[in-house]
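Visitor:
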Amino acid sequence: MPTNQALAKAEEAGLDLVEISPNAKPPVCKIMDYGKFKYQKEKKEQKQKKKQKKVEVKGVRISLRISKNDLGFKAKQADKFLGEGNKVRVELIMRGRENAHRDLARQKLKEFMEIVEHKVIVEQEPKKERLGLAMIIAEDKSEAKVEDKKQE
367 MPTNQALAKA EEAGLDLVEI SPNAKPPVCK IMDYGKFKYQ KEKKEQKQKK
417 KQKKVEVKGV RISLRISKND LGFKAKQADK FLGEGNKVRV ELIMRGRENA
467 HRDLARQKLK EFMEIVEHKV IVEQEPKKER LGLAMIIAED KSEAKVEDKK
517 QE
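Be aware that the sequence shown starts at 367, since it is given in the working numbering, and climbs by one per residue.
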(Lines of atoms letter the chains of each structure in order from A and count residues from 1; the text may use other names and numbers.)
(Lines give C-alpha, C1' and ligand atoms only; values in the text may rest on other atoms or scores of the structure.)
Protein backbone atom coordinates (compact mmCIF):
# COMPACT_ATOMS: atom_id res chain seq x y z
CA MET A 1 0.00 0.00 0.00
CA PRO A 2 1.17 3.58 -0.43
CA THR A 3 3.23 5.12 2.36
CA ASN A 4 0.71 7.83 3.23
CA GLN A 5 -2.07 5.22 3.71
CA ALA A 6 0.21 3.10 5.93
CA LEU A 7 1.11 6.15 8.03
CA ALA A 8 -2.59 7.00 8.43
CA LYS A 9 -3.40 3.44 9.60
CA ALA A 10 -0.50 3.50 12.07
CA GLU A 11 -1.66 6.85 13.48
CA GLU A 12 -5.22 5.50 13.91
CA ALA A 13 -3.90 2.55 15.90
CA GLY A 14 -1.64 4.83 17.99
CA LEU A 15 1.47 2.99 16.84
CA ASP A 16 4.48 3.66 14.62
CA LEU A 17 5.23 2.63 11.04
CA VAL A 18 8.57 0.76 11.25
CA GLU A 19 10.62 -0.09 8.15
CA ILE A 20 11.79 -3.71 8.58
CA SER A 21 13.76 -4.33 5.38
CA PRO A 22 14.49 -1.23 3.33
CA ASN A 23 16.41 -3.09 0.60
CA ALA A 24 13.45 -5.26 -0.45
CA LYS A 25 11.38 -4.36 -3.52
CA PRO A 26 8.97 -2.91 -2.35
CA PRO A 27 10.34 -2.04 1.17
CA VAL A 28 8.70 -3.99 4.00
CA CYS A 29 7.15 -2.03 6.88
CA LYS A 30 5.18 -3.02 9.98
CA ILE A 31 2.79 -1.15 12.21
CA MET A 32 4.12 -1.57 15.76
CA ASP A 33 5.43 0.20 18.84
CA TYR A 34 8.94 1.40 17.88
CA GLY A 35 10.24 1.45 21.48
CA LYS A 36 9.25 -2.20 21.98
CA PHE A 37 10.81 -3.14 18.61
CA LYS A 38 14.08 -1.42 19.54
CA TYR A 39 14.13 -3.16 22.95
CA GLN A 40 13.58 -6.61 21.42
CA LYS A 41 16.31 -5.98 18.84
CA GLU A 42 18.81 -5.05 21.58
CA LYS A 43 17.92 -8.18 23.57
CA LYS A 44 18.43 -10.35 20.49
CA GLU A 45 21.87 -8.80 19.87
CA GLN A 46 22.86 -9.37 23.51
CA LYS A 47 21.89 -13.05 23.26
CA GLN A 48 23.97 -13.46 20.11
CA LYS A 49 26.92 -11.74 21.76
CA LYS A 50 26.66 -14.05 24.76
CA LYS A 51 26.66 -17.16 22.52
CA GLN A 52 29.83 -16.05 20.70
CA LYS A 53 32.95 -17.93 21.72
CA LYS A 54 35.99 -15.76 22.13
CA VAL A 55 39.13 -17.37 20.79
CA GLU A 56 42.10 -16.80 23.05
CA VAL A 57 45.74 -17.08 22.10
CA LYS A 58 47.51 -19.32 24.60
CA GLY A 59 51.28 -19.47 24.78
CA VAL A 60 53.85 -22.27 24.84
CA ARG A 61 57.56 -21.52 25.27
CA ILE A 62 60.31 -23.84 24.10
CA SER A 63 64.05 -23.46 23.59
CA LEU A 64 66.61 -24.83 21.16
CA ARG A 65 68.10 -27.13 23.79
CA ILE A 66 64.78 -28.60 24.97
CA SER A 67 64.77 -32.38 25.46
CA LYS A 68 62.42 -34.75 23.58
CA ASN A 69 60.35 -35.45 26.71
CA ASP A 70 59.91 -31.78 27.52
CA LEU A 71 59.02 -31.05 23.90
CA GLY A 72 56.40 -33.81 24.09
CA PHE A 73 54.99 -32.28 27.29
CA LYS A 74 54.73 -28.84 25.66
CA ALA A 75 53.07 -30.44 22.62
CA LYS A 76 50.46 -32.04 24.92
CA GLN A 77 49.83 -28.63 26.44
CA ALA A 78 49.35 -27.16 22.97
CA ASP A 79 46.99 -30.05 22.11
CA LYS A 80 44.91 -29.26 25.16
CA PHE A 81 44.68 -25.59 24.17
CA LEU A 82 43.77 -26.48 20.57
CA GLY A 83 41.14 -28.93 21.82
CA GLU A 84 39.50 -26.10 23.75
CA GLY A 85 39.25 -24.13 20.51
CA ASN A 86 42.06 -21.66 21.24
CA LYS A 87 45.00 -20.64 19.12
CA VAL A 88 48.54 -21.36 20.32
CA ARG A 89 51.49 -19.00 20.16
CA VAL A 90 54.68 -21.05 20.08
CA GLU A 91 57.71 -19.06 21.21
CA LEU A 92 61.17 -20.45 20.68
CA ILE A 93 63.56 -18.67 23.04
CA MET A 94 67.11 -18.20 21.81
CA ARG A 95 69.92 -16.87 23.99
CA GLY A 96 73.34 -15.57 23.09
CA ARG A 97 75.03 -17.48 20.30
CA GLU A 98 71.90 -19.47 19.56
CA ASN A 99 70.65 -16.42 17.61
CA ALA A 100 73.10 -17.30 14.84
CA HIS A 101 71.33 -20.63 14.20
CA ARG A 102 67.91 -19.64 12.86
CA ASP A 103 67.84 -22.73 10.64
CA LEU A 104 68.03 -24.98 13.72
CA ALA A 105 65.28 -22.94 15.36
CA ARG A 106 62.93 -23.38 12.39
CA GLN A 107 63.74 -27.08 12.39
CA LYS A 108 62.82 -27.31 16.09
CA LEU A 109 59.50 -25.55 15.39
CA LYS A 110 58.73 -28.04 12.59
CA GLU A 111 59.58 -30.91 14.94
CA PHE A 112 57.20 -29.42 17.52
CA MET A 113 54.39 -29.21 14.95
CA GLU A 114 54.90 -32.87 13.98
CA ILE A 115 54.54 -33.94 17.63
CA VAL A 116 51.26 -32.04 18.11
CA GLU A 117 48.41 -34.54 17.65
CA HIS A 118 45.82 -32.10 16.23
CA LYS A 119 45.96 -31.19 12.57
CA VAL A 120 47.23 -27.62 12.65
CA ILE A 121 47.61 -24.73 10.27
CA VAL A 122 50.15 -21.96 10.67
CA GLU A 123 48.30 -18.67 11.02
CA GLN A 124 51.43 -16.62 11.46
CA GLU A 125 54.73 -17.80 10.02
CA PRO A 126 57.72 -17.94 12.40
CA LYS A 127 59.10 -14.44 12.70
CA LYS A 128 61.87 -12.78 14.66
CA GLU A 129 60.77 -11.53 18.05
CA ARG A 130 62.69 -9.93 20.89
CA LEU A 131 63.65 -13.25 22.51
CA GLY A 132 63.77 -15.49 19.43
CA LEU A 133 61.16 -16.82 17.01
CA ALA A 134 57.39 -16.93 17.46
CA MET A 135 54.53 -18.34 15.41
CA ILE A 136 50.80 -18.81 15.88
CA ILE A 137 49.08 -22.10 15.09
CA ALA A 138 45.41 -23.06 15.11
CA GLU A 139 43.46 -26.27 14.65
CA ASP A 140 42.73 -27.07 11.01
CA LYS A 141 38.91 -27.10 11.01
CA SER A 142 38.66 -28.39 7.44
CA GLU A 143 40.51 -31.60 8.41
CA ALA A 144 38.34 -32.05 11.51
CA LYS A 145 35.15 -31.81 9.42
CA VAL A 146 36.44 -34.43 6.97
CA GLU A 147 37.19 -36.84 9.85
CA ASP A 148 33.73 -36.27 11.39
CA LYS A 149 32.06 -37.17 8.07
CA LYS A 150 34.14 -40.36 7.81
CA GLN A 151 33.03 -41.44 11.31
CA GLU A 152 29.33 -41.01 10.39
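Yeah, the Cβ is synthetic: ideal placement off N, Cα and C, and Gly gets one too.
#1: Relative to the C-alpha of residue 381, which residue among 388, 402, 434 and 507 is closest?
#2: State the DSSP-derived secondary structure class of residue 504, mapped to helix, strand or coil.
#3: Whole angstroms is fine: what's the gap from residue 451's alpha carbon to residue 506's?
#4: Using the beta-carbon count (16 or more within 10 Å), is residue 379 buried or exposed?
#5: Does the stretch 462-479 come close enough to the stretch 424-437 to have 3 or more Cβ pairs within less than 8 Å?
#6: Taking residue 401 as part of the alpha helix (DSSP H), name the residues at either end of that continuous run.
#7: Buried or exposed for residue 455, please, with buried defined as at least 16 other CB atoms from any protein chain shown within 10 angstroms of its CB.
#8: Check the DSSP bridge columns for residue 428 and list the partner residues they point to.
#9: If distances are taken between C-alpha atoms only, which option among 385, 482, 413 and 435 comes closest to residue 449?
#10: Just to confirm, are residue 446 and residue 489 a CB contact at a threshold of 8 Å?
#11: Which whole-angstrom value is the C-beta distance of residue 504 and residue 493, which I expect to be below 8 Å?
#12: Once DSSP output is grouped into helix, strand and coil, what is the label at residue 371?
#13: Just confirm the distance between the C-beta atoms of residue 457 and residue 497, as a whole number of angstroms; I'd bet it's less than 8 Å.
Guide: On the basis of the supplied data:
#1: It is 402.
#2: DSSP, read as helix, strand or coil, puts residue 504 in strand.
#3: In a straight line, the C-alpha of residue 451 is about 11 Å away from that of residue 506.
#4: Exposed.
#5: The stretch 462-479 makes contact with the stretch 424-437: 3 or more CB pairs, one atom from each, lie closer than 8 Å.
#6: Segment 400-417, the alpha helix (DSSP H) holding residue 401.
#7: Flag for residue 455 reads buried.
#8: Secondary-structure assignment with DSSP links residue 428 through a beta bridge to 458.
#9: Looking at the Cα atoms, 482 is the closest of the given residues.
#10: In this structure, residue 446 sits away from residue 489, with a CB-CB distance that is not shorter than 8 Å.
#11: Not really, about 16 Å apart at Cβ, beyond 8 Å.
#12: Helix.
#13: 7 Å between Cβ atoms; contact.
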